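Following: one structure in structure tokens, then a few remarks.
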Amino acid sequence: MQGTTPGFNKRGTPITSGTCGVCGTKMVRIGKTDAHEGLQAPIQEKKEVRSGKLVIVESPAKAKTIGNYLGKEYKVKASVGHVRDLLRSQLSVDVENDFAPKYRVPNEKRPIVKELKKDVEKAEEVFIATDPDREGEAIAWHLKETTEIEDSRLRRVVFHEITKPAIQESFANPKEIDMDLVNAQQARRILDRLVGYNLTPLLWQKVRGRLSAGRVQSVATRLIVEREREIDAFVPEEYWSVEAEFNPDKSKDTYIAQLSQVDGKEPTLSSKETVDRILKDIEKADYSIGKIKKGERRRNPSAPFITSTLQQQAARQLHFRARRTMMIAQQLYEGIALDGEGQTGL
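Here's what the structure looks like:
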């Protein structure tokens, strides 16, 4: 080897570099030689040792409740919802490339992501405890991507109630991010953008500003329009019904009966004249109970609430708007402060 030069590689190991005396190829020989005497090896930066357990959830209220259950061993931080979304200034969907979305971190979320990234770099394990639904799974995936969490340190935990036993069970049995749910959310978001990006400007021009069009409300509006047109095209027809009140002999009970047949046929009660004629024929007739049928009826208890039935019942009984109902339900799920029990979730 010719033209040798002593030195050190990036790890601080002594090396000697030079060229082959036959072909001129650059060569490196590892090992300390007399030429290394007096040379200062590069100072190696101490690699930071990761420690502790980091938990990331969506909301500060949820973070507070979970933190009380997990204890000081865990550091619980909130992402405050989604940390990444489609660009607002353009379609952000590459329709020529399998509808690939183009995501970015919004300006208002950059400080949060920056802080989370610092916490992720220091943690030995990172638990993502976002909601167990489509949106929650997507938030978990976006957190993984934006904070650059390695699979070896990532733990996905899922629970359906914010109680101490449920949380302890989920942390004892972590899983991986469900990419099927993530892709389902991405498909929904892309459809929203494809529909809204094209229809919203039209709404602003034809109706009024600040209106938005989405994949659901646009179709629902179309159904309402079609139904309204059917109502407008409906030709009303006059219709009457005949009911009688019966008081059997030696009985205080009263029974209401509706006329269903005359001479074995269902009558067409389309005018007052027809009804008066039928009444004249039947009002002097004798009536008797032809058949009594007894039986038991069983009624099953109402099914547990789902989102839609909860909103319907709250609107009927409490006159709540859907937004208020969902806000209260979310607060109950994340946890509220109870006297003597601290932050408690349902």
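In our numbering, the protein residues as written are 531 to 876.
Glycine is no exception: its CB is placed at the ideal position from the N, C-alpha and C atoms.
All of these numbers come straight from a predicted model, not from anything done at the bench.
| Query | Result |
| --- | --- |
| Within the same chain, show all residues whose beta-carbon is closer than 8 Å to that of ILE808, passing over the 5 residues directly before and after it, in chain order. | VAL772, LEU789, VAL792, PRO797, LEU799 |
| What first and last residue would you give for the beta strand (DSSP E) that runs through PHE538? | 532–538 |
| Got a sec? Which residues, its chain only, sit under 7 Å from THR543 by beta carbon, not counting five neighbours each side? | ILE560 |
| To the nearest angstrom, how far is the alpha carbon of PHE776 from that of GLU768? | 27 Å |
| Where does SER581 land, buried or exposed, given buried means 16+ other C-beta within 10 angstroms? | exposed |
| To test your reading of the DSSP string, which unbroken alpha helix (DSSP H) runs of 4 or more residues are found completely within the segment 773–814? | 802–812 |
| Once DSSP output is grouped into helix, strand and coil, what is the label at LEU729? | helix |
| Can you give me the C-alpha to C-alpha distance between THR855 and ILE697, rounded to a whole angstrom? | 25 Å |
| Taking C-beta to C-beta, are VAL623 and ILE720 nearer than 9 Å? | yes |
| Indicate the three-state DSSP secondary structure (helix, strand or coil) for ARG559 in the structure shown. | strand |
| Rounding to the nearest angstrom, what Cα-Cα distance links ARG829 and ASP681 in this structure? | 51 Å |
| Short check: CB of ARG640 to CB of ILE658, under 9 Å? | no |
| Can you give the beta carbon distance from VAL488 to ALA743, rounded, assuming they're within the 8 Å contact cut? | Residue numbering for the chain in the displayed model covers 531 to 876; residue 488 lies beyond these limits and cannot be assessed. |
| Mind checking who PHE657 pairs with in its DSSP beta bridge? | VAL585, ARG685 |
| In this structure, does DSSP put VAL755 in helix, strand or coil? | helix |
| Identify which residue in ALA630, GLU654, LEU617, GLY537 has its Cα closest to the Cα of PRO636. | LEU617 |
| Do ALA763 and ALA774 have their CB atoms nearer than 9 Å? | no |
| Straight-line CA distance for GLU760 to VAL746? | 21 Å |
| Determine the contact status of LYS607 and LEU646, defining contact as a CB-CB distance below 9 Å. | yes |
| Quick one: residues in its chain with C-beta nearer than 6 Å to the C-beta of VAL558, no 5 flanking neighbours on either side, listed in chain order? | ILE545, SER547 |
| Under the rule that 16 or more other beta-carbon atoms within 10 Å means buried, what is THR677, buried or exposed? | buried |
| ASP869 by DSSP, collapsed to three states: which one? | coil |
| DSSP state of THR543, grouped into three classes? | coil |
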